[in-house]
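Going by the numbering used here, the sequence shown opens with residue 5, and the numbers climb by one from there.
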Amino acid sequence: MRKLLVLAAAVVMLAGCGTMNVKDFAGRTPELRLEEYFAGQTRAWGLFEDRFGTVRREFTVDITGTWDGKELVLEEDFLYSDGETERRVWRIEKTGPDTYRGTAGDVVGEALGEVAGNALNWRYTMDLKVGDGTWRVRFDDWMFLQPDGTLINRAYVSRWGIEIGSLTIAFRSQDVGQSAAAGTQ
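Listed below in structure tokens is the structure:
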């Protein structure tokens, strides 16, 4: 029993060692302003890897974003490599100079986001469709704006506190002049 407790404590401590802090990216450029980057048309390409590194799913996403000065609405249309399609609509509110709150149909409660420099960290719970069922999973979602206007997204997905996989997504604005609005001149 004692060995099990020591092992459990070690796992908890090691899990905390790899955690990034969004504030560590303060001052990095280009500065990410979510409401500006996603205004207009954006396309993304991504894949989901299970915790063993096996690619389980690939997809593209066409995104239409509208910002009214208070709320950013992202209409995401997914096309998976197996032909399946999916639509998700995010409603995102800027709650402070560096904070956001978002909702979507499959998000449980609210997604909470914080931005610093070129990075954004979202944390949320989602009911994820898996086969014929649904799994309730947690996302630790990181976005990093690159100098050429590419937005790299890496999300760690866990269930019952155990990482089950990760998403990697690359976003590119389809709008002319978008890079200037995102601070990437």
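Here a beta-carbon is modelled for each residue, glycine too, at the ideal position from N, C-alpha and C.
Opening and closing residue of the alpha helix (DSSP H) in which residue i lies
i     : result
Leu38 : 38–41
Check whether residue i and residue j have beta carbons under 8 Å apart
i      : j      : result
Glu40  : Lys74  : no
Thr172 : Gly50  : yes
Ala108 : Val93  : yes
Arg127 : Asp144 : yes
Val59  : Asn125 : no
Trp146 : Ala115 : no
Asp81  : Arg95  : no
Sequence-distant residues of the same chain with beta carbon closer than 8 Å to residue i, five excluded per side
i      : result
Gly121 : Phe29, Ala30, Gly31, Arg32, Thr33, Glu35, Leu36
Arg61  : Leu51, Phe52, Tyr84, Ser85, Asp86
Cβ shell of residue i (< 7 Å), same chain only, five flanking positions each side left out
i      : result
Asp131 : Asp110, Val112, Thr138, Arg140
Tyr160 : Asp144, Glu167, Ser170
Residue i burial status per 10 Å Cβ neighbour count (16 or more: buried)
i      : result
Ser177 : buried
Met24  : exposed
Thr1   : Residue coverage of the chain in this structure runs from 5 to 189, which leaves residue 1 outside it and unanswerable.
Ile166 : exposed
Ala174 : exposed
Thr89  : exposed
Thr103 : exposed
Gly117 : buried
Val65  : buried
Gly153 : buried
Gly100 : exposed
For residue i, the first and last residue of its enclosing beta strand (DSSP E)
i      : result
Arg158 : 155–163
Asn125 : 123–134
Gly3   : A question about residue 3 goes unanswered here, because the residues of the chain that appear run from 5 up to 189.
Asp179 : It is not in any beta strand (DSSP E) - Asp179 carries neither H nor E in the DSSP assignment.
Asp144 : 137–149
Cutoff 8 Å: residue i Cβ touching any chain B Cβ
i      : result
Trp126 : Absence of chain B from the displayed structure is noted, only one protein chain being present.
Spatial neighbours of residue i in its chain, beta-carbon cut-off 6 Å, leaving aside the 5 residues before and after
i      : result
Thr129 : Val112, Arg142
Gly106 : Trp94, Ile96, Ala115
Kindly provide the ranges of any alpha helix (DSSP H) runs that are 4 or more residues long and lie completely inside the region 24–107, ordered along the chain.
Look at the region 24–107 and you find these whole runs of alpha helix (DSSP H), each 4 residues long or longer: 38–41.
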